[in-house]
Amino acid sequence: MPLLKKVTLLGDPAVGKTSLIQRFVHDSFSDSYLSTIGAKPSVKEMGDITLVIWDIAGQKSFGNVSVNYFEGSEGALVVYDVTRPETIPSIAHWISAFKENTGSSNVVVVGNKQDLEAHPDTEEHVAQVLTDMDLIQTGSSAKTGAGVEESFTQLIKGF
Ligand code: G3D
Ligand code: MG
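In numbering that gives the first Met the number 0, the protein residues as written are 0 to 158.
Here it is in structure tokens:
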């Protein structure tokens with residue numbers, strides 16, 4: 000019997016959530032995505048685990064995501080964009096929403112778009128937001144694929 004595990008992708012619009020799933024599940028990247036309509040689960044086999052990966056509905060920001068999106072989830076990748084520091088403050092909100100709705104603390108914080116030049120304030124902003132939070136952080140590029148598998152693997156280690 001395969002073990003079904005639901006995980007969710009969280010983070011502000013356009014940080015690269017859909018692209019990360021696309022890269023991880025289908026090993027491809029598209030520069031011209033249609034925005035996601037409705038929560039869309041993708042499935043990926045990882046050894047004896049069947050990962051059901053939920054992508055966020057449309058271009059939703061923190062505060063207008065349905066509780067169904069969190070329900071039963073055993074892990075979250077909380078994604079920000081290293082080129083846009085304005086995507087960093089909401090990380091804390093996404094993390095607490097995930098914890099409150101699931102009771103799980105299995106969160107990996109992912110700085111995506113590492114193929115581009117990071118904004119110089121990024122590191123400091125992230126350190127400020129994540130002060131006292133004992134969380135795993137990774138970097139990724141959905142475009143090149145760097146760090147993508149590693150980010151999901153970190154999440155699976157937390158099961
Ligand atoms: P979202 O699902 O979080 O809203 P998307 O984000 O996956 O739709 O990505 C938003 C935009 O960022 C897309 O560009 C996508 O191609 C781009 N993108 C995602 N990940 C990366 C990455 O790692 N590197 C680079 N360079 N770009 C990335 P468009 O132009 O379609 O809006
Ligand atoms: Mg999307």
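Just so it is clear, CB atoms sit at the ideal spot from N, CA and C, and this is done for glycine as well.
If I measure Cβ to Cβ from residue i and keep anything under 7 Å in the same chain, skipping five residues before and after, which residues do I get?
i, result
"leucine 33", "Confidence is the limiting factor: at leucine 33 the pLDDT is only 43, short of 50, which leaves the residue's position unreliable and the question unanswerable from this model."
"lysine 43", "Phe23, Val24, Leu50 and Ile52"
"glycine 150", "The sequence shown places serine at residue 150, rather than the glycine named in the question. The answer, listed in chain order, is Leu76, Val107, Val109, Thr137 and Ser139."
"valine 128", "Ile87, Pro88, Ile90 and Ala91"
Whole-angstrom Cβ separation of residue i and residue j, contact assumed at under 8 Å?
i, j, result
"glutamine 136", "valine 106", "About 10 Å separates the two Cβ atoms, so there is no contact after all."
"leucine 19", "serine 103", "Going by Cβ atoms, the distance from leucine 19 to serine 103 rounds to 19 Å, so no, they are not a contact pair."
Looking only at its own chain, which residues have a Cβ that is under 6 Å from the Cβ of residue i, when we skip the five neighbours before and after it?
i, result
"leucine 125", "The question names leucine, but residue 125 is valine in the sequence shown. Excluding sequence neighbours, valine 125 sits near Ile87."
"lysine 142", "Phe28 and Asp114"
"aspartate 120", "Pro84"
"proline 40", "Val51 and Trp53"
"leucine 134", "Val106 and Val108"
If you check the beta carbons only, do residue i and residue j fall under 8 Å apart?
i, j, result
"glycine 144", "aspartate 80", "no"
"valine 78", "asparagine 111", "yes"
Can you give me the Cβ contacts of residue i inside the same chain, cut-off strictly under 8 Å, excluding the 5 residues immediately before and after it?
i, result
"phenylalanine 158", "Lys4, Ile48, Glu73, Gly74 and Asn105"
"valine 66", "Asn100"
With a threshold of 7 Å (Cβ to nearest heavy atom), would residue i be considered close to the ligand GDP?
i, result
"lysine 39", "Summarising the ligand content, the structure contains the ligand G3D and the ligand MG and does not contain the ligand GDP."
Would you say the stretch 70-83 touches the stretch 149-157, given that touching needs at least three Cβ pairs under 8 Å?
-> yes
Do three or more CB pairs link the stretch 4-16 to the stretch 85-94 at distances below 8 Å?
-> yes
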